[in-house]
Amino acid sequence: MSGTYLGMPAFPRAAAASTRDTRLRANLTHATHTIRDKRARAVAELDDWARLRAAGAAIKDRMLRHLDHYLERLETAVTEAGGQVHWAADADEANRIVTRLVRETGETEVVKVKSMATQEIGLNEALAEAGIRAYETDLAELIVQLGNDLPSHILVPAIHRNRSEIRAIFRREMASWGRPAPEGLSDSPAELAEAARLHLREKFLTAKVGISGANFMVADTGTLVVVESEGNGRMCLTLPETLISVVGIEKTVPTWQDLEVFLQLLPRSSTAERMNPYTSTWTGTTDGDGPQTFHLVLLDNGRTDTLADTVGRQALRCIRCSACLNVCPVYERAGGHAYGSPYPGPIGAILTPQLRGTAGKLEASLPYASSLCGACYEVCPVAIDIPEVLVHLRERVVEGGPVTRGGVRTVLKPARGHAAERAAMRAAGWAFDHPGALRAGMRLAARTRRLHPRRLPGPGRAWSDTRELPAVPAESFRDWWQRTRGEEARDEAARGEGSAK
Amino acid sequence: MRVALFVTCINDALQPRTGQAVVGLLERLGVQVDFPAEQSCCGQPQFNTGYRQATEPLVRRFHRAFRDYEYVVTPSGSCAAMVRDNYPRIGAKAASEGRGRDLQQIAAAAVPKTYELTEFLVDVLKVTDVGAYYPHVVTYHPTCHGLRMLGLGDRPRRLLENVRGLELRELPGAEECCGFGGTFAVKNPAVSAAMGADKVRAVIGTGAEAVCTVDNSCLLHIGGTLARQGAPVRPVHIAEILASTEASTEGPEVPTEGPDAGTVGTEGSLR
Ligand code: SF4
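As they're listed, the protein sequences go chains A and B. Quick note on our numbering: the first sequence kicks off at 52 and runs consecutively. Quick note on our numbering: the second sequence kicks off at 327 and runs consecutively.
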């Protein structure tokens, strides 16, 4: 796995490869089951969880309905507090802005707080092209970066790695990025964490520019919030002279009062903690305290297009807790890389096709990367009905329809490559709406049932490679009913009586 | 009391014995069962694959078949969930596309009267002991749509616990999806098969003779995987367990023939 998502194959192909990777499967099963059980216990402690969840969804919905208003309010508040606000319509624009801002400082190295938005836009790669080196400081991001790898989980980007793999990566790579791994490093979690701490500390102390995302932005006061566990974020947010935060526009919340709801929902859903260890908040700049220059880059990159879709827009409520990944049976087996974006699992399956559109093979395959079991919806702290959105996006893939791309409302044509399926579905729909024809078909199948193959050729192999085919019974239910209690049976009974007279 | 049986297309074509079991069970409990012949498929395969408009004629057909009944009972958690969760969505979308409100009205009428079998038994008939006898070791897999969309909760379990002779074995990881997921099984065969293999391993580990669910569609997948592995565990629909009595250990009226009749089916040997 190299550090890019470009040219990723469609989900089924990538997933098929990862289901055969037994080490990956074992790492993922162990990690996701542990965290999912912990989450269930943490959530069960609160008897008002259902109400918190409903409140979280309602606050986000209200914010999204009036997003323009809250964003302008946020801009005003940040500016008044000494920050500078930049608007980025897409990834390229955001990368250009950040690159320019770093260049203006004259620095060639930056430290980074783990951020989904900067991964979404490929910021590290863009900075590298401009000769600027970005150091990831979250432990798992560090592992991914050192391993020239891609994150496979929102919260635990290196979830696909186990301890001994991490040790090998540290020993092999740390030296070329800075302080080398200590001699005789073992794979105990404490030693690995200490190695990372030593490696990172010199970065924290020398870096002049920090780059972050944010979990929330309070529109009322212009305050940004980062919620984390390791403390690396606090370092990056306070030590550098310049701080640049790249944040998706949907991370806005109207007031501090609203924030209260999310600061309860997020840690329990995410790390199964009652409260996360570090919550950093900052409002513009403060003389003599923390970064003296603060830039906020507000990122759209497909979000307002998503907002235009009345069913799909609920994906914008997401607070990136990753609970849906941890309960997803498909994620557990396919792994995060198969989703071809920094957003894996159920949320990725509905977010990526909306942010990027459904024209690409990978994007068009994502809405089908689910058995619609509903486990994700059940745990989502902001009640995103992921199965509903998946089905909605499937319709967009196969039937086309109205969408908004780049702010323009257009009508998508049905995707090519689904023509045979479309014909089959229409034929099935027709047959089911013509029971006479259907019944004739079923009778034919019953009469020929001894001739049916045990394994299917072509696309049918997808079923019969691992599963027996159902046997066709001699008589359908319909025919049984008709024979035993239907009109024919009654008529026969009546005729029987008649002839006996 | 008179109810309409919505047997579902899968049961009609592939698992008639499940429909027969529902008829036998409900009649035994004093319910008059009708089978409106106009019924067909609920439209779930089309809808869940993205063909919403192709589903609409089937929604109308459901309405024509069942409009005169106060109760519609179906031995499928998934098809009941289709009616209850998705018919209103289909109606709302049609209305929002300016195609009238009739589908919305149809959905509003269908939702409150459509019951999955175990719901109907426990909530409407208010029975948990249906007088069944099934002298076998059974494990129960709660299917996703029954569990999470319908919220069946412990209804199936309470019914099973009252079956004489039945020993219920806990299924580890019971709430995890079996990997069927309709067209998911063929669109993502590798992941579906991996999920099925894990489910089947858990089922076999219980030592049960039979695995039961409220849905034959999931059982096609679980049973097909079991059969391919040559495992001795039988898939059986809960209706068939609840329909069994001491008197019917020979099985209800089931056209059993030939050894191949039950590759995935639920053969008389278990009754
Ligand atoms: S969709 Fe819901 S559960 Fe998944 S990451 Fe977002 S907030 Fe968490």
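From the three backbone atoms N, C-alpha and C, an ideal C-beta is built for every residue, glycine too. Because the structure is a prediction, the values reported are computed rather than measured.
Look at the alpha carbon of residue i and the alpha carbon of residue j, and state the distance between them as a whole number of angstroms.
i      : j      : result
V297/A : V94/A  : 30 Å
Y459/B : I564/B : 12 Å
A497/A : E353/B : 28 Å
I110/A : A270/A : 13 Å
C431/A : L206/A : 15 Å
G425/A : P461/B : 34 Å
A380/B : G472/B : 24 Å
G273/A : D119/A : 15 Å
R343/B : E566/B : 8 Å
W481/A : R393/B : 21 Å
L236/A : E245/A : 10 Å
G458/A : E450/A : 21 Å
A391/B : N412/B : 18 Å
E496/B : G533/B : 10 Å
E324/A : E281/A : 13 Å
G134/A : R71/A  : 50 Å
Q315/A : A226/A : 40 Å
V517/B : G387/A : 13 Å
Y329/A : R285/A : 7 Å
P418/A : V409/B : 22 Å
G457/B : R490/B : 8 Å
A400/A : L423/A : 12 Å
D356/A : V454/A : 8 Å
T461/A : A359/A : 12 Å
G537/A : R427/B : 35 Å
L33/A  : K259/A : Limits of chain A in this structure are 52 at one end and 552 at the other, which puts residue 33/A out of reach.
Rounded to whole angstroms, how far is the Cβ of residue i from the Cβ of residue j, which I believe are closer than 8 Å?
i      : j      : result
T509/B : P371/B : 7 Å
G522/B : T551/B : 4 Å
E187/A : K163/A : 5 Å
R354/A : L367/A : 6 Å
N283/A : R90/A  : Incorrect: roughly 23 Å between the Cβ atoms, too far for contact.
S373/A : S321/A : 6 Å
What do you reckon, are the CB atoms on residue i and residue j nearer than 7 Å?
i      : j      : result
A132/A : G335/A : yes
S402/B : T334/B : yes
N78/A  : H204/A : no
N327/A : V276/A : no
P498/B : A520/B : no
S527/A : A339/B : yes
Q341/B : N514/B : no
G261/A : P231/A : no
A106/A : V312/A : yes
M59/A  : G391/A : yes
A433/B : M475/B : no
V398/B : K439/B : yes
L351/B : A569/B : yes
G376/B : R445/A : yes
I294/A : F345/A : The question names Ile, but residue 294/A is Leu in the sequence shown. Yes, they are a contact pair.
I183/A : L197/A : no
I300/A : L75/A  : no
C504/B : I548/B : yes
Within the continuous beta strand (DSSP E) that includes residue i, where are the two ends?
i      : result
L178/A : Premise fails: L178/A lies in the alpha helix (DSSP H), 174-180, not in any beta strand (DSSP E).
I295/A : 293-299
R456/A : 452-456
Please report the residue range of the alpha helix (DSSP H) in which residue i lies.
i      : result
M225/A : 214-228
K163/A : Careful: K163/A lies outside any alpha helix (DSSP H), inside the beta strand (DSSP E) at 160-163.
Y413/B : 413-422
C601/B : Residue numbering for chain B in the displayed model covers 327 to 597; residue 601/B lies beyond these limits and cannot be assessed.
D88/A  : 73-95
L125/A : 118-131
C375/A : 374-378
I194/A : 190-197
H389/B : 378-392
- Say whether the segment 448-465 of chain B touches the segment 534-546 of chain B, bearing in mind that this needs 3 or more beta-carbon pairs closer than 8 Å, one atom from each stretch. With a cut-off of 8 Å, the segment 534-546 of chain B and the segment 448-465 of chain B count as touching, because enough Cβ pairs lie within range.
- Query: How about the segment 470-481 of chain A and the segment 436-447 of chain A: do they share at least three Cβ pairs that are nearer than 8 Å?
  - Reply: As far as the Cβ criterion goes, the segment 470-481 of chain A does not touch the segment 436-447 of chain A, which means the pair count is below three.
- Message: With a threshold of 8 Å, are at least 3 pairs of Cβ atoms found where one atom belongs to the segment 244-257 of chain A and the other to the segment 298-313 of chain A?
- Response: Fewer than three beta-carbon pairs drawn from the segment 244-257 of chain A and the segment 298-313 of chain A are found closer than 8 Å, and the two stretches are therefore not classed as touching.
- Query: Just checking, does the segment 335-347 of chain A make contact with the segment 97-114 of chain A on the three C-beta pairs under 8 Å criterion?
  - Reply: Inter-segment contact for the segment 335-347 of chain A and the segment 97-114 of chain A is absent: fewer than three beta-carbon pairs are separated by less than 8 Å.
- Task: For the segment 356-366 of chain B and the segment 377-392 of chain B, state whether three or more C-beta atom pairs, one from each stretch, are separated by less than 8 Å.
- Result: Flag = yes, the segment 356-366 of chain B and the segment 377-392 of chain B touch.
- Task: Evaluate the contact criterion for the segment 510-525 of chain A versus the segment 413-433 of chain B: three or more CB pairs, one atom per stretch, below 8 Å.
- Result: Cβ pair count under 8 Å is below three, so no.
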